[in-house]
Structures are given as C-alpha cells and as structure tokens.
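Mapping of the first sequence onto the working numbering: residues 149 to 572, in sequence order. Beta carbons: idealized from backbone N, C-alpha and C, even for Gly. Reviewing the structure listed below.
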Amino acid sequence: MLDLKFITANPELVKRSVVLKNESVDVDKILSLDNERRQLKTRIDSLRAERKKLSRQIGELIKQGKETESLKQNVKEVGSQLAEDEEKLRAVEYELKELLLRVPNIPHKSVPVGKSEDDNVVVRTWGEKPHFSFKPKDHIALGEGLGIIDFKRGAKLAGTHFPVFLAAGAHLQRALVNFMLDLHIKKHHYIEVAPPYLANRRTMTGTGQLPKLEDDMYLCERDDYFLIPTAEVPVTNLHQDEILTAAQLPLYYVAYTACFRREAGSYGKETRGLIRVHQFDKVELVKFTLPEDSYEEMEKLLNDAEEVLQLLGLHYRVVELCTAELSFAAAKCYDLEVWAPATQRWLEVSSCSNFEDFQARRSNIRLRRSAEAKLEFPHTLNASGIALPRTIIALIETYQQPDGSITIPEPLRPYMEADSIPAP
RNA sequence: GGAGAGGUGGCCGAGUGGUUUAAGGCGGACGCCUCGAAAGCGUCUUCACCCUUAAUCGGGUGACGGGGGUUCGAAUCCCUCCCUCUCCGCCA
C-alpha cells in the first residue's frame, strides 16, 4: 500500500506507475474521496467537540440539581447530525480503503520500462548448456521411467497437476530441502521458520495477495482460511503489528513450506509435467531491512539464492523484470531461470523482490530507530531459495546418463546418501 | 464442541455512567547534582487523523481486543465476533 499522503502529493507519478504495471485503478477517484473524507472529518470533529462540551455541562447541572431537559434536546440534535455525517464518512473511508489496496507499488527508477517478457533484461548467465552424446529425455520420460514421479496417481488422488514423488524422487525432494536449508542457515545465517500453511485474510492482504489474487488461491471456506501460495506470506507477516528496532535489523528468515496455487486460467501445453503444479515445495528467504539498506541487501539475497544453483552445477541466468512484468507489490525484481536441457526452456525457479515499505505499511510492521525517533516502515524483501519442481526438472535432465541413470551432484550426495539414481 | 474467567499505553496494573482530560508503578528520554558515575531530585513519555502553518509551534477529534447498539454523555451497560487462560468432551 502506498501512503495516501504520497498519492495526493504525487498523483501523476502514481498514475504513470499504474499504467506501467498494466493495472487499473482510478487514482482521481482516490483524490476526490480523500477530499470528501477530509471535509467530513473536519465537520465531525467540531460537532463532537461541541457535544463533548455540552455533555460535560449537563453532568455539572445534574450535580447542582438544575434542569437539563432543554440542553439534552440540544445535544440530541447535534447527535443526529453527527450520526448522519459519520455514516457518510464510514462509506467514504470504506471505498477509499478498497481503492488504496488496489494501487500497485511504484517501480524503482532503475527498473527497465517495458511492455512484455521480451523487455526483461538478462543481467548475467552462469555456466553453460550441457551437451549430450545421446538424445536426452525430458523430465517426464525420466521421472516416469525411473519410477520416481507419478503423474497419473497424483491425478487420481487430487487432480491434474498434483504429482506424486516416489522412492528416490521423494528422497530427492527431502535432500534438496535439507541441502538448501543447511546452506542458508549455516552459511548465510538465516533464522529457520516453520510457519502455518493456512493464513487469514488480514495476513493475505498484508503481503499483497488480497484483494487482487483471491481467485488464484485455495480457500477453506468454512473457516475463511487461505492455503499459502508461498512462505513469503506467513514469514513476512510474522512481525505484523510489531515495532522493530534498528538493532534487530537486518532480519533474515528462511522457511521451507509447501505452496498451493490454483493457477486459474494458466493451463496449456506449456505446463506439462512438473512445470506448473498446484502444490509444490519451496525454500523461501525473507528479509526485513532498514530502508536505506534494502537495495544492497537485495543483491546479497539474490546471491544467496544463486549459490544454490551454482552448488548444484545448474546452468542459469539472472533476469531483471521490466515494469510490465513486475508483480503488484514489488518495486524491483530479479528472476532466476534455470536451463532445462531436454525441455529446452529457461524455467523460473526464484523471484527476488524488493517491496520497499509497501508490504510493511499493509501489514503495519514498523520501525523505531531510537526512543525519541518517529515511527518508520522497514523494507521487506524475499527470494525463493529455491522452488523444487523446476529445479528437479533441470537437475534430472542435466545429470541424466546414457544408461538412463541420474548422477547426483556432489554437494547433494550426503543428503541423498547415494551418488546416483540407478537406471530401472 | 460445552462451561467458566479474562483482553486497559513499550511492559505491569487501577478503574462498574459525568474533574479519567486513563491513577500508580516499571522501563525510557532530558535536565540538575558530580571530576565522572551511581543514588537522589525535577521535567517529560502512545498512535492515527483533521484544522492552521513555508515548516516548527499551536488547536481539535478518535483509539481501553474488533464491530454494532443504548444514552445528553460509555474503558464502564447491552448485542455480536475474535483471541488468551482453566475445566470438560473429542482427537493425531
């Protein structure tokens, strides 16, 4: 959420960023509602002041045993005018808040302006495309052939795009999770969090999933809980309604969770196999920083996520998203895309985003630098570190052998307790 | 799921319709004192919004878990929802 005062002071800048992000929210309506709100507020405040004064007089008159009926009648009239204005103000504030929650964050000035994916900028590429002396199989053929991924049974249990991992496939997931957690906890000094997988509306609104993305999430209707689409939601909201001190920052958190996404309207032939699934595992990194440190911390965060792919020896690139591709809440975002050599595609396995104070304001996460200092909002950032299914695609396609077995990259071997997944 | 007890500022805690304009304490900030410090003494202490202002200052309104109601007037009475604790039931 943007500060209402910032919007009224910079309406053209806000309108421009709404267009750049392909959003549609009526900024002029916000300005006129705010005007109306302030007028009503001024009138209500003075009516209340009058009522307060007169009511106190009534109290004194009663003590003195004097007559109060005419004064009571007087205050009653003030009260009914007040009730009318308060009703109007409630309606105006409700409408204003609904609109404010739909104003996207403003892209950082360094973000390339663009209209589509084609305008994203490749920042760097790591490693090289693997070469094969044979025709490599894609991850679907490999996964089914080795008996480690079962798409059909998953569809039976829940529905399409709910894969089952079996045997070495299940072990591979667990190994990857533990490998990533250990890296981020021990080497990069993140604090491990195991949060709830369900979240309420307030929490979902705090990080920006609501109101825009309601249809993209699973909802437990009886209790009005959403299944988390990413650990970003519960972990960022850990400090909802809290006041952080400068000494606490920066705060680094890492959480492994399952993630649930309806992926409404995104089916198609590009989403076969593990590329787009409704439930997947992810290790997520979340940071809270001082405002002036967030862009430096963002680069370190990106490096921490990249290190996972480097250690696994997977060819990847870093892409800076253009304005149109930036998510609603982000001010700047890098994607990590890993190369899947048989599927022949770059696959997004991490988004590294700086939300500046956008989420902190929505979640009411505040910062006080010292006892005398005014309250500020810290900056929040997150990056996947990293998402599993697409990593598994790249990993098994990259490390497949002519005999159909898969070599496990060295750093993962202690976690797999094996150096390969043998051919069937 | 049932019964009961609770929810007051950064923290503890008083407050059952009108000097509560939220007592008192802790913690914190500043000052005095001191060579310096501690102790002591004094002053101060939240957030949001509105008006005014170039800004500060100043004035005002609201907030006692959330929302609604009664009343001239609500932290206080009523309704409703949420959360915490205790006991019971069910259960991995």
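Given 8 Å, three or more beta-carbon pairs between the region 541 to 555 and the region 512 to 530: no
Through-space distance from P489 to L358, alpha-carbon basis: 36 Å
Identity of the residues DSSP links to Y134 by a beta bridge: Examination of residue 134 is not possible in this model, given that the chain is present from 149 through 572 alone.
Beta carbon of E432 nearer than 8 Å to that of A478: no
Continuous alpha helix (DSSP H) stretch holding G354: start and end: 349 to 355
Euclidean distance between Cα positions of E444 and I554: 38 Å
Under the three-state DSSP convention, the category H336 falls into: coil
Contact check, N512 vs L529, beta carbons under 8 Å: no
Contact belief for V497 with Y482 at Cβ below 8 Å, rounded distance in angstroms: Rounded, the Cβ-Cβ distance is 12 Å, inconsistent with contact.
Closest residue to P377 among D389, D371, T351 (Cα-Cα distance): T351
Straight-line Cα distance separating V486 from V175: 39 Å
Proximity below 8 Å, CB of L188 to CB of V240: yes
Alpha helix (DSSP H) segment containing K285, residue limits: Unbroken run through K285: none, as it is neither H nor E.
Rounded distance between the beta-carbons of A303 and F313, thought under 8 Å: Incorrect: roughly 14 Å between the Cβ atoms, too far for contact.
Nearest to G317 (by Cα), restricted to the options L329, G295, Q458, A306: G295
Pick from E217, H279, N170 that is closest to P255, judged by C-alpha positions: N170
Among D363, L536, L202, the one whose alpha carbon lies nearest that of A406: L536
Same chain, Cβ closer than 6 Å to N385, five either side skipped, listed in chain order: T351, G354, S511
Pairwise C-alpha distance: N451 and Q321: 22 Å
Cβ neighbours of R250 in the same chain (closer than 6 Å, five flanking residues each side left out): V173
First through last residue of the beta strand (DSSP E) which encompasses F408: 399 to 408
Three CB pairs or more closer than 8 Å across the region 213 to 227 and the region 151 to 162: no
Reduced DSSP secondary structure (H/G/I, E/B, other) of K430: strand
Three-way DSSP call (helix, strand, coil) for A531 in this model: strand
Cβ-heavy atom distance, V497 to the ligand SAM, below 7 Å: Ligands in the displayed structure: none, and consequently the ligand SAM is not present.
Option nearest F428 by Cα separation, candidates F327, L438, F408: F408
Reference E447, options F525, E208, L484, R424, closest by Cα: L484
Inter-residue spacing [alpha-carbon to alpha-carbon] between L399 and S475: 23 Å
Sufficient close CB pairs (3 or more, under 8 Å) joining the region 178 to 185 to the region 197 to 206: no
Cutoff 7 Å; reference V381; Cβ partners in own chain excluding five residues on either side: A347, T351, M352, T355, Q357
Alpha helix (DSSP H) runs wholly inside the region 353 to 384, at least 4 long, in chain order: 380 to 384
Cβ pair H426, E411 closer than 8 Å: yes
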